[in-house]
Amino acid sequence: MNLPHFPDEILLSIARHLDSEAYISALCRADRHLYSVLNEYLYQRNARWGGSSALFWAAGHGQEATAGMALKWG
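Quick note, my numbering runs 659 ahead of the 1-based positions in the sequence shown.
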């Protein structure tokens, strides 16, 4: 069974055990289904433990969609 075909709960559990937002981000970029399952968790994690760096980055680079997701999910 390929990773994208695992149940969503297992994918989220795997993401929660990863040490780095960069690893979760890489999973999000690897597959559309992984993105749909893990992207919200990535923004929530960034808001809680990453100092909302995604929001600050988005504001500094004029990335409205990214800022919107950071505000919505963070």
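Where is the CB? At the ideal position from N, CA and C, for every residue including glycine.
Remember, predicted model here, so these are calculated numbers, not experimental data.
Inter-residue CB distance, residue 704 and residue 680 (contact presumed, cutoff 8 Å): With 8 Å as the limit, residue 704 and residue 680 qualify as a contact, their Cβ atoms being about 6 Å apart.
Could you tell me which of 690, 661 and 698 sits nearest to residue 671, measuring between CA atoms? The residue with the shortest Cα to Cα distance from residue 671 is 698.
Going by C-alpha to C-alpha distance, which of 733, 686, 661 and 662 sits closest to residue 710? Residue 733 is the option with its Cα nearest to residue 710.
Straight-line gap, residue 724 to residue 690 (C-alpha atoms, nearest Å): A straight line joining the alpha-carbon of residue 724 with that of residue 690 spans about 19 Å.
Per-residue DSSP class, three states only, for residue 692: Looking at residue 692 - three-state DSSP - the assignment turns out to be helix.
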